[in-house]
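Colleague: Residue numbers (this note's numbering): 1 to 263. Quick one: the structure is below, and I'll ask about it shortly.
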Amino acid sequence: MAEAHALRRVFITGASSGLGAALALRYAQLGATLGLLARRGDALQALIDTLPHPEKHRAYAVDVNDHEGIREAAIDYIEHAGGIDVVIASAGISHGTLTEYGQEDLPVFASIFATNVTATFATFAPFIGPMKAQRTPARLVGIGSVAGIRGLPGGGGYSASKSAVITYCESLRVEMAPYGIDVVTICPGYIDTPMTQHNSYAMPFLMPADQFAAAAVRAIERGASYTVIPWQMGIVAKLLRVLPNPVYDWAFSKAPHKARKKK
């Protein structure tokens, strides 16, 4: 496992707000050279201007669904930083979806998968070759969710997408092991970000984004294969895994639904 101080070249998607921005700030405080990618270039540059040593960092105003744009950003960042140590696929969206509203919600369902799952693949892909060639410890980090442990009513698109990220990263972890590349899966519970601030229901163990970022960076430094943050939600996740279907169905039959995307 690499020493913590060695993981200094870090590329993060979804970096203009939420978890990505919190991770960027934490890594910048630790002296990392960052490549930050997000759709909103103005917000991204505003973030970089607040970071320690902003001149060290690169901003890429690219939508994660622009896979060629991600590849070009990866090439530019590796040249700028002289290599790559950590890639965090943090971009993600969340909307409620209901299959009965197929005509309205099918495009939303597809966009959730495109952003949360396919873009994770597209983010990792251009970095794997350079990581192999470096022959130094490296990390690929996927952001799952406790919502991916069991299917949440009204959130089938989001739950399914995060379940897919968890399973994809598990496959990739085994594939990358012979090359010394660790694949880290981080499953947040409720973290105080713009995404969760729209929720109208109670969120147990709600955690500030900066505390999440500190815990996540520690997990990444360890090369942990799977981590739930905060730890209390890890206990909840383990219980959810073992609940028999009839008990789960009864317990969540009246659970509040995430709001569907407004037209």
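All C-beta atoms in this analysis are idealised placements derived from N, C-alpha and C, irrespective of residue type, glycine included.
Using only CA atoms, which one of 50, 181, 229, 65 lies nearest to residue 13?
Modeller: Closest option to residue 13, Cα to Cα, is 65.
Colleague: Can you give me the Cβ contacts of residue 43 inside the same chain, cut-off strictly under 8 Å, excluding the 5 residues immediately before and after it?
Modeller: Answer for residue 43: 16, 17, listed in chain order.
Colleague: Are the Cβ atoms of residue 121 and residue 87 separated by less than 8 Å?
Modeller: No, Cβ-Cβ distance for residue 121 and residue 87 is not below 8 Å.
Colleague: Anyone know if the C-beta pair for residue 84 and residue 143 falls short of 8 Å?
Modeller: In this structure, residue 143 does not lie closer than 8 Å to residue 84 by Cβ.
Colleague: Is it right to say residue 209 is buried, meaning 16 or more other beta carbons lie within 10 angstroms of its own, or is it exposed?
Modeller: By the neighbour-count rule (16 or more Cβ atoms within 10 Å), residue 209 is buried.
Colleague: To the nearest angstrom, how far is the alpha carbon of residue 234 from that of residue 37?
Modeller: Cα-Cα distance, rounded: 29 Å.
Colleague: So, using beta-carbon positions, are residue 223 and residue 139 closer together than 8 Å?
Modeller: For residue 223 and residue 139, yes; Cβs fall inside 8 Å.
Colleague: Could you check where the alpha helix (DSSP H) with residue 109 kicks off and where it finishes?
Modeller: It spans 102-113 - the alpha helix (DSSP H) in which residue 109 sits, taken as one unbroken run.
Colleague: Can you check which of these residues, 117, 150, 104, is closest to residue 169 by C-alpha distance?
Modeller: Residue 117 is the option with its Cα nearest to residue 169.
Colleague: Which whole-angstrom value is the C-beta distance of residue 128 and residue 158, which I expect to be below 8 Å?
Modeller: That pair is no contact at about 27 Å.
Colleague: Going by DSSP in three states, residue 136 sits in which element: helix, strand or coil?
Modeller: Residue 136 falls in the coil class under three-state DSSP.
Colleague: Which term fits residue 49, buried or exposed, when burial requires 16 or more other beta carbons within 10 angstroms of its beta carbon?
Modeller: Classification of residue 49: exposed, given that the 10 Å Cβ count is below 16.
Colleague: Should the segment 167-181 be called in touch with the segment 213-222, which here means at least 3 C-beta pairs below 8 Å?
Modeller: With a cut-off of 8 Å, the segment 213-222 and the segment 167-181 do not count as touching, because too few Cβ pairs lie within range.
Colleague: Using 10 angstroms around the beta-carbon of residue 107, count the other beta-carbons present and answer buried if the total reaches 16, otherwise exposed.
Modeller: Classification of residue 107: exposed, given that the 10 Å Cβ count is below 16.
Colleague: Would you kindly check if the distance between the Cβ of residue 228 and the Cβ of residue 165 is under 8 Å?
Modeller: Cβ distance not < 8 Å, so residue 165 and residue 228 don't count as in contact.
Colleague: Can you look up residue 259 in the DSSP assignment and give me helix, strand or coil?
Modeller: Residue 259: coil per DSSP, three-state reduction.
Colleague: Over the uninterrupted beta strand (DSSP E) stretch that includes residue 35, give me the two end residues.
Modeller: Where residue 35 is concerned, the enclosing beta strand (DSSP E) stretches over 33-38.
Colleague: Please report the distance separating the alpha-carbon of residue 77 from that of residue 257.
Modeller: Answer to the nearest angstrom: the Cα atoms are 40 Å apart.
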